[in-house]
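Okay, structure first, notes after.
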């Protein structure tokens, strides 16, 4: 299969490497000027957890393009959430009829998030990966599991193509029946995490404070009325972060999920992304609905994201 990744970001690079290893042709679309900036190689130091736990260290040759040609079997998009509207607008003309896997965090309703793209040409999913890129070096990794929405009427052929692609590279698929609610809950979880990151200064920093994940649970509980107002159905993410007592949740995160030496902890320690956008989006939604969010509002009050809310 010939696959084009939209952007040469963290998620795109890791899965592109895995698919190339499985025998597929992978290429990247980058904005004008980025091809020269990025160069033809990227240094990888990432964990591959599809079969056990294997550290990949290599300089990987990549093929970058500054235009999109109509000769791909699939386009995979994984961009920062705030970049999604611009990406969808561009792809509505540049992608033609090429099917698209949107591997992204989303806070809008699904149809609005990809406008003017057609829902019949897009499948929604979410990666099981993390880390960061700095100075053309990727540090992070990916797990065996990826999340994909169950086929909607009209998307069955694309779902089949995406399923075969991931399975050919030995990934395991977790099928999500209500992708809209799943993504809303996951976005809220990110906002809860970012709220704490804004307080501590960085994603790695929250690993050094025992009460960070206690606070994440409290932030998440504050957002429950917003999710209910949206009509989001409760899933395991929401139940875990809102039903487990915060103190116990802190122990669970610190001792189990983000235990020292775990891949989840390494992914967090390598995460150099900017926090705040998810928090601002939830606060903006809450304000429209008249729902107070004192913890989240305080977290962004002295940031650029406070403007316009």
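Numbering (full-length UniProt numbering), first residue to last: 1 to 309. The beta-carbon is built from N, C-alpha and C at its ideal position, and this holds for glycine as well. Small disclaimer: the values here were computed from a predicted structure and weren't measured.
Beta-carbon to beta-carbon, residue 15 and residue 142 are separated by about 7 Å, close enough to satisfy the 8 Å threshold.
Between residue 68 and residue 138 the beta-carbon gap is near 23 Å, outside 8 Å, which marks them as no contact. For the pair of segments examined, the segment 204 to 220 was found to touch the segment 235 to 252: the number of CB pairs separated by less than 8 Å reaches three. In terms of Cβ geometry, residue 278 and residue 194 form a close pair [threshold 8 Å].
Selection 45, 53, 222 and 3 evaluated against residue 64 yields 3 as nearest (Cα-Cα). The C-beta of residue 263 has 16 or more other C-beta atoms within 10 Å across all chains shown, which makes the residue buried. Counting along the chain, residue 129 sits inside the beta strand (DSSP E) bounded by residues 129 to 134.
Less than 8 Å separates the beta-carbon of residue 101 from that of residue 74. Contact check for residue 184 against residue 221 fails: the beta carbons are separated by 8 Å or more. Sixteen is the threshold: since fewer than 16 other Cβ atoms of the shown chains lie within 10 Å of the Cβ of residue 175, the residue is exposed.
Between residue 90 and residue 110, the C-beta gap is not smaller than 8 Å, which leaves the two residues out of contact. Annotation for residue 172: the continuous beta strand (DSSP E) segment containing it runs 172 to 176. Of 48, 57, 276 and 77, the smallest CA-CA separation from residue 9 is found for 77. The residue among 177, 168, 145 and 309 with its C-alpha nearest the C-alpha of residue 151 is 177.
Cα atoms of residue 130 and residue 80: separation of roughly 13 Å, rounded to the nearest angstrom. Residue 46 sits in a strand when the DSSP states are folded into three classes. It is roughly 37 Å from the alpha-carbon of residue 17 to the alpha-carbon of residue 285. For residue 38, the closest alpha carbon among the candidates 29, 46 and 302 is that of 29.
Distance check between residue 238 and each of 23, 247, 188 and 267 places 188 closest, using alpha-carbon atoms only.
Following the DSSP letters along the chain, one finds residue 61 inside the beta strand (DSSP E) bounded by residues 54 to 61.
With a cutoff of 8 Å on beta-carbon distance, residue 166 and residue 158 are scored as not near each other. In the assembly as shown, residue 7 is a buried residue. Its beta-carbon has 16 or more other beta-carbons within 10 Å.
If you ignore the 5 residues before and after residue 26, its C-beta comes within less than 7 Å of the C-beta of 3, 5, 16, 19 and 20, all in its own chain and listed in chain order.
Non-local C-beta neighbours of residue 132 in its own chain, meaning closer than 7 Å and more than five positions away in sequence, comprise 10, 139, 140, 270, 271, 272 and 273, ordered along the chain. Residue 24 is bridged by DSSP to nothing; it lacks a bridge partner. Between the C-alpha atoms of residue 116 and residue 236 there is a straight-line separation of about 32 Å. If you look at residue 139, you'll find it in the beta strand (DSSP E) that goes 137 to 143.
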